[in-house]
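Asks: Taken in order, these protein sequences are the chains called A and B.
Whatever position you read off the first sequence (first residue = 1), add 209 for the numbering used here.
Whatever position you read off the second sequence (first residue = 1), add 209 for the numbering used here.
Number of protein chains: 2
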Amino acid sequence: MEMHQDPTVTDSDKYKVVFENEKVRVLEYKDKPGDKTTLHHHPNSVMCFLSSFKRQIATNGKTVTIDGKEGVVTWLKAQDHIGENIGDTDTHVLLVELKESGNDDQQDQGVLGPEKIV
Amino acid sequence: MEMHQDPTVTDSDKYKVVFENEKVRVLEYKDKPGDKTTLHHHPNSVMCFLSSFKRQIATNGKTVTIDGKEGVVTWLKAQDHIGENIGDTDTHVLLVELKESGNDDQQDQGVLGPEKIV
Chain A
210 MEMHQDPTVT DSDKYKVVFE NEKVRVLEYK DKPGDKTTLH HHPNSVMCFL SSFKRQIATN
270 GKTVTIDGKE GVVTWLKAQD HIGENIGDTD THVLLVELKE SGNDDQQDQG VLGPEKIV
Chain B
210 MEMHQDPTVT DSDKYKVVFE NEKVRVLEYK DKPGDKTTLH HHPNSVMCFL SSFKRQIATN
270 GKTVTIDGKE GVVTWLKAQD HIGENIGDTD THVLLVELKE SGNDDQQDQG VLGPEKIV
């Protein structure tokens, strides 16, 4: 399995570490309409949408569109992807990455985007 | 050790479950100036401050004051407490509770309030 890079490395203009201890690392993601990330990796993470936005998430030729609504909290299963802001509002998201063992398993290679976006 | 109650039970008007799976439970907390909770328990949790607020956190005769700033992400070690909004703005906080084993240990009985509030 190819493992892609930490988003704080690939897209350091958009991803910032806002808290870290031995249990979790918390990232803040911010972008503007038209912005696109490079391919990067996420472990299992809680996602908190702090703005409403429209994004396209892509990997291996597959794409999903996310209509994010401010206030939604959901789950991002471990995955590699590219994200692109295809709406007309800024994206603002917190990702709480869990460090417990086994949290980076990608049993389901088909998973793309967050679990629940309503 | 006496174990106090789940805040979604003691203060169901202020604490709502906004997401839950086998790894985490995420609570949203909202209150207004003058509001006070009853005594309740938190496991180790990530706290995300979604508003700026001033609160007093109390337990066993000890009190700490928190000057919360919107955007701060910090850590709340497992603890029992009563919270009171002593400022003039609403409190709005997300708490990401971790379910991993050992996450509810209260080795340090002296801990009160979040770890880092700057």
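Cβ atoms here follow ideal geometry from the backbone N, Cα and C, with glycine treated the same way.
Within 10 angstroms of the Cβ of E324(B), are there 16 or more other Cβ atoms? Answer buried if so, exposed if not.
Replies: Classification of E324(B): exposed, given that the 10 Å Cβ count is below 16.
Asks: Using three-state DSSP, classify V226(A) as helix, strand or coil.
Replies: In the structure shown, V226(A) sits in a strand (DSSP, three-state: E or B).
Asks: Going by DSSP, which residues form a beta bridge with S254(A)?
Replies: Paired residues: L285(A) and E306(A).
Asks: Cα separation between E293(B) and Q214(A)?
Replies: When rounded, the distance between both Cα atoms is 43 Å.
Asks: Excluding five sequence neighbours on each side, which residues of the same chain lie with their C-beta closer than 6 Å to the C-beta of T274(B)?
Replies: Closer than 6 Å at Cβ, skipping near neighbours: Q265.
Asks: When you compare the CB positions of H251(A) and L285(A), do they come within less than 7 Å of one another, or not?
Replies: A contact, by the Cβ cut-off of 7 Å.
Asks: Thinking K223(B) and K308(B) are a contact (beta carbons under 8 Å), I'd like their distance in whole angstroms, please.
Replies: K223(B) to K308(B), Cβ: 22 Å. No contact.
Asks: Could you compute how far the alpha carbon of N253(B) sits from the alpha carbon of E306(B)?
Replies: Rounded to whole angstroms, N253(B) to E306(B) spans 6 Å at the Cα level.
Asks: If you drop the 5 nearest sequence neighbours on each side, which residues of the same chain put their C-beta closer than 8 Å to that of G296(B)?
Replies: Counting only Cβ-Cβ distances below 8 Å, and skipping sequence neighbours, we find P242, F262, K263 and R264.
Asks: Return the first residue and the last residue of the alpha helix (DSSP H) that V218(A) is part of.
Replies: Here the alpha helix (DSSP H) through V218(A) covers P216 to T219.
Asks: Would you check if the distance between the CB atom of H290(A) and the CB atom of K239(A) is smaller than 7 Å?
Replies: Going by C-beta atoms, H290(A) is not nearer than 7 Å to K239(A).
Asks: Assign K225(B) to buried or exposed, taking buried as 16 or more other Cβ atoms, counted over all protein chains shown, within 10 Å of its Cβ.
Replies: Looking at its Cβ environment, which holds fewer than 16 other Cβ atoms inside 10 Å, K225(B) is exposed.
Asks: Please identify the residue among C257(A), Q288(A), D299(A) and M256(A) whose C-alpha is closest to the C-alpha of T268(A).
Replies: Residue Q288(A) is the option with its Cα nearest to T268(A).
Asks: Kindly indicate which three-state DSSP category K232(A) falls into: helix, strand or coil?
Replies: Correct three-state label for K232(A): coil.
Asks: Could you work out which residue in D276(B), T298(B) and D220(B) is closest to L236(B) when comparing CA atoms only?
Replies: Nearest C-alpha to L236(B): D220(B).
Asks: Do you know offhand how far G280(B)'s Cα is from C257(B)'s?
Replies: Their Cα atoms are separated by approximately 7 Å.
Asks: Can you tell me where the beta strand (DSSP E) holding K263(B) begins and where it ends?
Replies: First-last of the beta strand (DSSP E) with K263(B): F262 to T268.
Asks: Take T283(B) as the anchor and find which of V218(B), P216(B) and G322(B) has the nearest alpha-carbon.
Replies: For T283(B), the nearest C-alpha among the options comes from G322(B).
Asks: Counting along the chain, where does the beta strand (DSSP E) carrying I275(B) start and finish?
Replies: Element bounds for I275(B): K271 to G277.
Asks: Kindly list, in the order they appear in chain B, the residues whose Cβ is closer than 7 Å to that of V320(A).
Replies: What V320(A) touches in chain B: nothing, since even the nearest Cβ is about 14 Å away.
Asks: E309(B) versus chain A: which residues are under 7 Å apart at the beta carbon?
Replies: The answer, in chain order, is E309.
Asks: Roughly how many whole angstroms lie between the Cα atoms of D244(B) and L259(B)?
Replies: C-alpha separation (whole angstroms): 17 Å.
Asks: Can you pull the chain A residues whose beta carbon is under 9 Å from the beta carbon of K232(B), in chain order?
Replies: Neighbours of K232(B) on chain A, chain order: N253, V255, W284, L307, E309 and N312.
Asks: Given this structure, state the Cα-to-Cα distance separating T246(A) from P216(B), to the nearest angstrom.
Replies: Cα to Cα, T246(A) sits roughly 39 Å from P216(B).
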